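J.: What follows is a single structure, and I will ask about it in a moment.
Chains as they are written, first to last, in the working numbering: chain L, 1 to 147; chain Y, 1 to 147.
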């Protein structure tokens, strides 16, 4: 059985996330997802949605067999627990693949690293969704009814 | 087999949507979802995400067996096609249940109407997510890297 692990923040779900997860799932028989902890998102603005909510939504997606929150201090710990054959990276995840492979080997982890290409769509990006909200809703204030 | 139909805009997916769909699915054996057309959302601000994207994301959710866009002119047409035994309403959907039952009967549709209670969570609401984005990201402009 080929175990695949995908990782990410998954802040406001969009088809780019879905494509990444679907393509990751196709590489094996079981897909586990490691969802970034709020406190560990430092290379971009803090997520809008809290980690428990992001985890719950990722778990509800059809390609996902299993999802957990990341470790606060050691990004390799959940990978050690999951023992994947393949770790996938999203097109915009800021890891050098060769460097990551080496760090995995240093931890005794024998996983291949596969980069999933980007998905193109006008709002297939959390930051573009946020920009769109700022552009269209900043004035006047939203009057949504709670849905 | 008990067929259930749920309906909604599903603009920015959150656990309130998921709870509504999970509870709807539990009422029967198969859940179909009718996703509101962009042009038909008139009782609240226009959706941020276009209808095709909202449809794709709803289809990816585990409790959903089948999803379609609504009809532009006749809200009962997809219901006639799906022939549900049960139609569920979200806690904030602005239909009078008895009135809706009568209109279904007038169209020859023998479906029960069930109201699903609300889900409580701080950001289990598209409009509260949008408010949070406006509050936290309006200044300075977001510098997200495209995720």
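A virtual CB, placed ideally from N, CA and C, is assigned to each residue, including glycine.
As the structure is a computational prediction, the values presented were derived from the model and not from experiment.
(1) Let's test the definition: count the other Cβ atoms within 10 Å of the Cβ of residue 64 of chain Y and tell me whether it reaches 16, buried, or not, exposed.
(2) Using a Cβ cut-off of 8 Å (strictly closer), state whether residue 137 of chain L contacts chain Y.
(3) Helix, strand or coil for residue 151 of chain Y per DSSP?
(4) Who are the Cβ neighbours of residue 58 of chain Y in its own chain at under 7 Å, not counting the five residues just before and after it?
(5) For the alpha helix (DSSP H) holding residue 52 of chain L, just list the boundary residues, first then last.
(6) Quick one: is residue 89 of chain Y buried, meaning 16 or more other Cβ sit within 10 Å of its Cβ, or exposed?
(7) Assuming residue 26 of chain Y contacts residue 83 of chain Y (C-beta within less than 8 Å), just tell me the rounded distance between them.
(8) Got a sec: which bits of the segment 30-49 of chain Y sit with their beta carbon under 9 Å from any beta carbon on chain L, in order along the chain?
(9) Judging by CA-CA distance, which residue of Y:19, Y:138, Y:73 is the nearest neighbour of residue 121 of chain Y?
(10) With a threshold of 8 Å between beta-carbons, can residue 129 of chain Y be considered close to chain L, or not?
(11) Expressed to the nearest angstrom, what Euclidean distance is found between the alpha-carbon atoms of residue 105 of chain Y and residue 61 of chain L?
(12) Distance check for residue 135 of chain L and residue 75 of chain L, CA to CA, integer angstroms please.
(13) For residue 117 of chain Y, I'd like the list of residues in its chain whose CB is within less than 7 Å of its CB, leaving aside the five on either flank, ordered along the chain.
(14) Tell me whether the beta-carbon of residue 124 of chain L lies closer than 8 Å to the beta-carbon of residue 15 of chain L.
(15) For residue 39 of chain Y, is the classification buried or exposed, using 16 other Cβ atoms within 10 angstroms of its Cβ as the cut-off for buried?
(16) Go ahead and pull the three-state DSSP assignment for residue 77 of chain L.
(17) With 16 as the cutoff for other CB atoms within 10 Å, does residue 137 of chain L come out buried or exposed?
(18) Measure the Cβ-Cβ separation of residue 80 of chain Y and residue 107 of chain Y and say whether it is below 8 Å.
T.: In short:
(1) buried
(2) yes
(3) For chain Y, the structure presents residues 1 to 147; residue 151 of chain Y sits outside this window and is missing.
(4) 10, 33, 35, 64, 67
(5) 51-59
(6) That one is buried.
(7) The pair is not a contact, with the Cβ atoms about 20 Å apart (cut-off 8 Å).
(8) 43, 44, 45, 46, 48, 49
(9) Y:19
(10) yes
(11) 35 Å
(12) 35 Å
(13) For residue 117 of chain Y, where only same-chain residues beyond five positions count, the Cβ hits under 7 Å are 91.
(14) yes
(15) Exposed, because fewer than 16 other Cβ atoms sit within 10 Å of the Cβ of residue 39 of chain Y.
(16) helix
(17) buried
(18) yes
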